[in-house]
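Trainee: The structure that follows is given in the form of structure tokens.
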Amino acid sequence: MRVTAIYPGTFDPMTVGHMDVAKRASSMFDDVIVAVAGSTSKNPFFSLDERVSMATEILSDLDNVTVQSFDGLLVEYAAQANSKVIVRGLRAISDFEYEVQIAGVNRHLSPDIETVFIAASQQYTFLSSSIVREIAKLHGDVTEFVHPLVIDAFARHHKKDV
Ligand code: ADP
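One gets the numbering used here by counting positions in the sequence shown from 1 and adding 1 to each.
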């Protein structure tokens, strides 16, 4: 039986930390769906289309990884996609409480779906999309933290905003 895992998130934007988790998940599971959240309380900087198209291109080297958008309950989306595994990344203790709470709720809603945590690689434990957005907003250098495509996308937004 093929095991499909879903790696959900806002990916606003995708960072090298996310790329690392997606790559590691791709070697653990037969198929990985990176699921970009449409409806999120986070009020994303990049549109859903931008987040999906950037992630698709960034991860195009990983043959068993696809990128999709989703709305609504993650467990329902997972059931539709025939997936019984949710992958989440864990950076620090600060992630732990929230992530375990969400995993508990999802388990309650759908007991046959397991959440699997992948520990962030040490060099990325400090890295988050919000930190990248903050640095980019102040015109700092984020080349170490994101794919060049994301740098271009920030530049396009800056032009529009000026
Ligand atoms: P969400 O809004 O669902 O938290 P994010 O895009 O912020 O979405 O993160 C998606 C997932 O990736 C989360 O499980 C998060 O903990 C994980 N993640 C974020 N940054 C990193 C990183 N630098 N290393 C490993 N995992 C990460």
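All C-beta atoms, glycine included, are put in the ideal place defined by N, C-alpha and C. Predicted, not measured: the structure shown is a model, and the values here were computed from it.
What is the residue span of the alpha helix (DSSP H) that Phe-97 lies within?
Mentor: Locating residue 97 in the sequence shown gives position 96, counting from the first residue. That run of the alpha helix (DSSP H) goes 94-110.
Trainee: Spell out the partners DSSP gives Ser-70 in its beta bridges.
Mentor: Taking the first residue of the sequence shown as 1, we reach residue 70 at position 69. In DSSP, Ser-70 forms a bridge with Val-37.
Trainee: Which two residues bound the contiguous beta strand (DSSP E) that contains Leu-91?
Mentor: Numbered from 1 along the sequence shown, position 90 holds the residue referred to as residue 91. 86-91 is the extent of the beta strand (DSSP E) around Leu-91.
Trainee: Out of Val-151, Pro-112 and Val-66, state which residue places its alpha-carbon closest to the alpha-carbon of Lys-138.
Mentor: Translated into positions along the sequence shown, residue 138 becomes position 137. The candidate whose alpha carbon is nearest that of Lys-138 is Val-151.
Trainee: Considering only heavy atoms of the ligand ADP, does any lie closer than 6 Å to the CB of Thr-11?
Mentor: Translated into the one-based positions of the sequence shown, residue 11 becomes position 10. Thr-11: yes, Cβ under 6 Å from the ligand ADP.
Trainee: With hydrogens ignored, establish whether the beta-carbon of Gly-232 is closer than 6 Å to any heavy atom of the ligand ADP.
Mentor: There is no way to answer for residue 232, as the model of the chain reaches only from 2 to 163.
Trainee: Considering Cα atoms alone, identify which of Ser-61, Lys-43, Leu-63 and Ala-38 is closest to Arg-52.
Mentor: Within the sequence shown, numbered from 1, the residue matching residue 52 stands at position 51. Of the candidates Ser-61, Lys-43, Leu-63 and Ala-38, the one whose C-alpha sits nearest the C-alpha of Arg-52 is Ala-38.
Trainee: Let me check one thing: in DSSP terms, what residues is Tyr-8 bridge-paired to?
Mentor: Numbered from 1 along the sequence shown, position 7 holds the residue referred to as residue 8. In the DSSP output, where bridge partners are listed per residue, Tyr-8 has Val-35.
Trainee: Look at the Cβ atom of His-140, then the Cβ atom of Ile-59, and state whether they are nearer than 7 Å.
Mentor: Numbered from its first residue, the sequence shown carries residue 140 at position 139. Numbered from its first residue, the sequence shown carries residue 59 at position 58. No, the Cβ-Cβ distance between His-140 and Ile-59 is not below 7 Å.
Trainee: Beta-carbon within less than 6 Å of Leu-75's beta-carbon, same chain only, minus the 5 sequence neighbours each way: which residues are those?
Mentor: The residue given as residue 75 occupies position 74 in the sequence shown. Taken in chain order, the residues that qualify are Pro-9.
Trainee: Helix, strand or coil: how does DSSP classify Glu-115 here?
Mentor: By one-based count along the sequence shown, residue 115 stands at place 114. Glu-115: strand per DSSP, three-state reduction.
Trainee: Can we count Arg-52 as close to the ligand SAM, meaning its CB is less than 6 Å from some heavy atom?
Mentor: In terms of ligand content, the structure shown lacks the ligand SAM and carries the ligand ADP instead.
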